[in-house]
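Participant:
Protein chains: 2
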Amino acid sequence: MMQTERVLQQVLEWGRSLTGFADEHAVEAARGGQYILRHIHPSLSDTSARTGRDPQDETLIVAFYRELALLFWLDDCNDLGLIAPEQLAAVEQALGQGEPCLLPGFEGCAVLRASLAALAYDRRDYAQLLDDTQRYCAALRAAHAHAAGAERWSYAEYLHNGIDSIAYANVFCCLSLLWGLDMATLRTSPAFCQVLRLISAIGRLQNDLHGRDKDRSASETDNAAILLLQRYPAMPVVEFLNDELAGHTRMLHQVMAEERFPAPWGPLIDAMAAIRTQYYQTSAIRYRSDSAGAGNRTPA
Amino acid sequence: MMQTERVLQQVLEWGRSLTGFADEHAVEAARGGQYILRHIHPSLSDTSARTGRDPQDETLIVAFYRELALLFWLDDCNDLGLIAPEQLAAVEQALGQGEPCLLPGFEGCAVLRASLAALAYDRRDYAQLLDDTQRYCAALRAAHAHAAGAERWSYAEYLHNGIDSIAYANVFCCLSLLWGLDMATLRTSPAFCQVLRLISAIGRLQNDLHGRDKDRSASETDNAAILLLQRYPAMPVVEFLNDELAGHTRMLHQVMAEERFPAPWGPLIDAMAAIRTQYYQTSAIRYRSDSAGAGNRTPA
Chain A
1 MMQTERVLQQ VLEWGRSLTG FADEHAVEAA RGGQYILRHI HPSLSDTSAR
51 TGRDPQDETL IVAFYRELAL LFWLDDCNDL GLIAPEQLAA VEQALGQGEP
101 CLLPGFEGCA VLRASLAALA YDRRDYAQLL DDTQRYCAAL RAAHAHAAGA
151 ERWSYAEYLH NGIDSIAYAN VFCCLSLLWG LDMATLRTSP AFCQVLRLIS
201 AIGRLQNDLH GRDKDRSASE TDNAAILLLQ RYPAMPVVEF LNDELAGHTR
251 MLHQVMAEER FPAPWGPLID AMAAIRTQYY QTSAIRYRSD SAGAGNRTPA
Chain B
1001 MMQTERVLQQ VLEWGRSLTG FADEHAVEAA RGGQYILRHI HPSLSDTSAR
1051 TGRDPQDETL IVAFYRELAL LFWLDDCNDL GLIAPEQLAA VEQALGQGEP
1101 CLLPGFEGCA VLRASLAALA YDRRDYAQLL DDTQRYCAAL RAAHAHAAGA
1151 ERWSYAEYLH NGIDSIAYAN VFCCLSLLWG LDMATLRTSP AFCQVLRLIS
1201 AIGRLQNDLH GRDKDRSASE TDNAAILLLQ RYPAMPVVEF LNDELAGHTR
1251 MLHQVMAEER FPAPWGPLID AMAAIRTQYY QTSAIRYRSD SAGAGNRTPA
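Going line by line, the protein sequences match chains A and B.
Residue numbering for the first sequence follows the working numbering, beginning at 1 and increasing consecutively.
Residue numbering for the second sequence follows the working numbering, beginning at 1001 and increasing consecutively.
1) For Leu-1102(B), count the other beta carbons within 10 Å of its own beta carbon; 16 or more makes it buried, fewer makes it exposed. Which is it?
2) Classify Phe-310(A) as helix, strand or coil using the three-state DSSP reduction.
3) With Phe-64(A) as the anchor, note down where its alpha helix (DSSP H) starts and where it stops.
4) Which residue spans inside the stretch 143-223 of chain A form an unbroken beta strand (DSSP E) run of at least 3?
5) Skipping 5 residues on each side, what residues in its chain have a beta carbon closer than 8 Å to that of His-248(A)?
6) Report yes if the C-beta distance between Gly-1020(B) and Leu-1088(B) is below 7 Å; otherwise report no.
7) Counting C-beta neighbours from all protein chains within 10 Å, is the total for Gly-149(A) 16 or more, i.e. buried, or is it exposed?
8) Is it buried or exposed for Asp-964(B), if we count other Cβ within 10 angstroms and need 16 for buried?
9) At least one CB of chain B closer than 7 Å to the CB of Asn-157(A): is that the case?
10) So, Val-11(A) versus Ala-49(A), is the Cβ gap smaller than 7 Å?
11) What three-state label does DSSP hand Phe-1261(B) in the structure shown?
12) Since Pro-85(A) is in the alpha helix (DSSP H), which residue starts that stretch and which ends it?
13) For the alpha helix (DSSP H) that contains Cys-109(A), what are its first and last residues?
14) Rounded to the nearest angstrom, what separates Tyr-1280(B) and Tyr-1287(B) at their Cα positions?
15) Helix, strand or coil: how does DSSP classify Pro-1267(B) here?
16) Is the Cβ of His-253(A) closer than 7 Å to any Cβ of chain B?
17) If I measure Cβ to Cβ from Arg-113(A) and keep anything under 6 Å in the same chain, skipping five residues before and after, which residues do I get?
18) If you measure from the beta carbon of Ala-234(A) to each beta carbon in chain C, is any gap under 7 Å?
19) With a cut-off of 7 Å, does the C-beta of His-210(A) fall near any C-beta of chain B?
20) Find the nearest neighbour of Arg-1276(B) within the set Ala-1263(B), Ala-1246(B), Glu-1258(B), Met-1251(B), judged by alpha-carbon distance.
21) How about Asn-1161(B) and Tyr-1136(B): do their beta carbons lie closer than 7 Å?
22) Indicate whether at least one CB of chain B lies closer than 7 Å to the CB of Glu-244(A).
23) Identify, in the order they occur along the chain, each residue of the same chain with its Cβ nearer than 7 Å to the Cβ of Arg-1016(B), setting aside the five sequence neighbours on each side.
24) So for Tyr-1280(B), helix, strand or coil by DSSP?
25) Can you find a C-beta in chain B that's less than 7 Å from the C-beta of Ser-189(A)?
26) Does Asp-122(A) come out as helix, strand or coil in the three-state DSSP assignment?
27) Could you tell me whether any Cβ in chain B is nearer than 7 Å to the Cβ of Ser-176(A)?
28) Taking DSSP as the reference, what is the three-state secondary structure of Asp-54(A)?
29) For Gly-52(A), is the classification buried or exposed, using 16 other Cβ atoms within 10 angstroms of its Cβ as the cut-off for buried?
30) Apart from the five residues on each side of it in sequence, which residues of its chain come closer than 7 Å, Cβ to Cβ, to Met-272(A)?
31) Give the straight-line distance between the Cα atoms of Leu-1044(B) and Phe-1261(B), rounded to the nearest whole angstrom.
32) Check the Cβ of Cys-137(A) against every Cβ in chain B and list those closer than 7 Å, keeping chain order.
33) Give the single residue among His-210(A), Leu-178(A), Glu-259(A), Leu-80(A) whose Cα lies nearest to the Cα of Ala-118(A).
34) Kindly indicate which three-state DSSP category Pro-299(A) falls into: helix, strand or coil?
35) Does Gly-1247(B) get closer than 7 Å to chain A when you measure Cβ to Cβ?
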C-alpha cells in the first residue's frame, strides 16, 4: 500500500471515534495536507538536519492530517449541526484544554491531543495549539450566530472574525509542533503576527469569493460577499473583494520581502497564498463552486 | 499670564526655528494636547505617586505640545509643500535618527529631540518615538504619492497606511515618554497592539469622514471616502465607512473590556475615540468641515 493510502486509512480509522465525522473530512484533510507538505518538502528537508524530523515521517503526517480533519469536522459541527449543541460545547472544552471529552462518542479528541502533546518538538507550540483551537471554535460560533441574524457585523468585524475562523494559525501551529518550525518564538515578532493576519485575511477572502455561488444557493450568509451585498445592495462587492484580496496580497509580499523568516516559512506562506488557484479549483467535494459536488452532503 | 498662554508662547517661539511653521500648528497642538491632558488628568495624578511626574509640569506640557505641533507641521510639509523635497528628506532623516538636521532652518528639530531624550522617563520610549516618527513620515510620503496617482490602493492598503499617518502611536509614545506610561512594555502585548491598531483606524476613519467635504472641495484624494467613491461610484461610501467606524469601535470596546491596561490608558483611549464629537467639531481652523475656516491657509 502506498504511504498516501496508508495515511488516509489511519485518518479515517481515527475519525470513526468522532460522532458525525464523515469520510470527506479525512479525504479533504489528506488532500489539503498533501498540498502543503508537497510545497514545503525541499525546505523541510533542509531543516531536518537541525530538527531531526523527517518530512516523510508517517507518524507526523498522520497527526497533521488528523488535526486538519478535526478542523473540517468542527466547521461542519457548527454549520451543519452534526452534533447536539451540548456535545459541541463539551468537545470545544476538551479540545481547548487538552483534556478528555466528558461525553461519550468523542474519544478521538483525547487520542489526537495526547499524540500531539507527545510529538511536540517545542512544548510551547502545544500550549499555543490549544489556544488557537479555542479561538477557532469561538470564531466558528460567532460566525454561526452572526449568520443566524443575532448580530449585524461591519465588514471589519466580519474579516476580524474570519481571520480566526479560517484556521490558518492552527494549521501553521500544528506544522510547527510536528516539524519544529519555531513558531512560538516567531509569534513574538510583530512582523510575523502581521504576516499571520494578512495570510489569514487572504485565505478568508479567497474562501468567500470562491464559495460565493455555493453559499448563496445554500442561503448561507456567513460570507463576506453576501454580507456586503445584503448591507449595500448597490455595491460592486466582487470587484471590491477582489481588490481587497489583491491589496492584502501586495502587503503580504512587502512584509515577506522586508523580513527574513527562517525556512520553511517562505514557501509555506507562498503555498497558502496560492491556495485559490492551486487547491480550491481541483476540489472534488468541499470547494466545488458549482452544486454538483454537494450531492453527498448539505452545502456549508 | 495663565499657564495655557505661557505654554502656547513657548511652542510658538520654538516653532519660529522651523521653516514653514505656522501659528496654526502651535494653536492646534495646544488645543489638541489640552483636550487629551484634561481627559487623563485625574488618572495621571494617580500615577504621579509612582512616577514623580506632575500632570501640570510646564516643561513636560511644553515638550508634549511641541511634538504635536511638529506632527501637524510635518503633515503640511507633505500636503502643502511648505518646504522643498530635499529639505523634507533632511528633516525626516534628522527626526528619525535623533540627530541635528544637516540643512539650516530646522534647528527646532534637534532642540525638541534633545529635550525629549533628556526628559524620557523610560529611555525605550525615546527610541520608539524615533521609530514611530520614521513610520509616520513614511506613511505621509506614501499617502502623498498615492494621492498624486502613483499607486492605486485598495481600501485595506489605504487603511493600513492611514493607521500610521494618523500618528496616534506617536502621540501616545510622547505622553508615555513624558509621564511614564510604560508604553514600551505594553507594546509587547498583542492585545495592546490590537488596541493601537483599532484606535488608530478609528481616528483615520473619523478624520476622513469629518474632512470629506473639505477634502473634496480641495480635490484632495487622500481620504477613504473619496478613494472608495472614485473606485466604486455606486457604493454608498459614507454609510459603509460609518459602519466600519462603528465596527472598529465595538471591537475596541471589547478588547478594552477584556484586558486591564494600567492607568491612564483607559481614559486616554476613551478620549481619543471621542475626538470626533468632542474635538473636531469645535475646531476653528484645521478641522472645520465648511470652507470658512480655511481662508487663511491652503486646505489640507
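The beta-carbon is built from N, C-alpha and C at its ideal position, and this holds for glycine as well.
Nothing here was measured: the structure is a model prediction, and the numbers come from that model.
Facilitator: Let me spell this out:
1) The residue is exposed, with fewer than 16 neighbouring Cβ atoms inside 10 Å.
2) It is not possible to answer for residue 310(A), since the shown part of chain A is limited to 1 through 300.
3) For Phe-64(A), the enclosing alpha helix (DSSP H) covers residues 58-80.
4) The qualifying runs do not exist here; there are none.
5) Residues Leu-198, Ala-201, Ile-202, Leu-205 of the same chain have their beta carbon placed closer than 8 Å to that of His-248(A), with the five preceding and five following residues left out of the count.
6) No, the Cβ-Cβ distance between Gly-1020(B) and Leu-1088(B) is not below 7 Å.
7) By the neighbour-count criterion, in which a residue is buried when 16 or more other Cβ atoms sit within 10 angstroms of its Cβ, Gly-149(A) is exposed.
8) Nothing about residue 964(B) can be reported from this structure: the residues present for chain B run from 1001 to 1300 only.
9) Here residue 157(A) is Glu; the residue named in the question, Asn, does not match the sequence. Interface residue, yes.
10) The answer is no: Cβ separation not under 7 Å.
11) Annotated three-state conformation of Phe-1261(B) is coil, per DSSP.
12) From DSSP, the alpha helix (DSSP H) with Pro-85(A) extends over 85-97.
13) The continuous alpha helix (DSSP H) containing Cys-109(A) extends over residues 107-119.
14) A straight-line Cα-Cα distance of about 5 Å links Tyr-1280(B) and Tyr-1287(B).
15) Here Pro-1267(B) sits in helix by DSSP.
16) Cβ-Cβ to chain B under 7 Å: no for His-253(A).
17) In chain order, Gly-98 place their CB closer than 6 Å to the CB of Arg-113(A), counting only its own chain and leaving out the 5 sequence neighbours on each side.
18) In summary, chain C is missing from the structure at hand, where the protein chains are A and B.
19) Against chain B, the CB of His-210(A) has no partner CB under 7 Å away; the residue lies outside that interface.
20) Ranking Ala-1263(B), Ala-1246(B), Glu-1258(B), Met-1251(B) by Cα distance to Arg-1276(B) puts Ala-1246(B) first.
21) Against a cut-off of 7 Å, the Cβ pair of Tyr-1136(B) and Asn-1161(B) comes out as no contact.
22) Chain B places a beta carbon closer than 7 Å to that of Glu-244(A), counting this residue as a contact.
23) Excluding residues within five positions, none has a Cβ falling inside 7 Å.
24) It is helical.
25) It does not; no Cβ of chain B falls within 7 Å.
26) DSSP places Asp-122(A) in coil when its eight states are reduced to three.
27) It does not: the Cβ of Ser-176(A) has no partner Cβ on chain B nearer than 7 Å.
28) Reduced to three states, the DSSP call for Asp-54(A) is coil.
29) Here Gly-52(A) is exposed, its C-beta having fewer than 16 other C-beta atoms within 10 Å.
30) Answer for Met-272(A): Tyr-168, Ile-199, Gly-203, listed in chain order.
31) If you draw a straight line from the Cα of Leu-1044(B) to the Cα of Phe-1261(B), it is about 14 Å long.
32) Under the 7 Å cutoff, chain B gives no residues; its nearest Cβ is about 17 Å from Cys-137(A).
33) It is Leu-178(A).
34) Only weak support is given to the placement of Pro-299(A): the predicted model assigns it a pLDDT of 31, under 50, and the value that follows is read from those uncertain coordinates. Coil, per DSSP.
35) Proximity of Gly-1247(B) to chain A, defined by a Cβ-Cβ separation below 7 Å, is satisfied.
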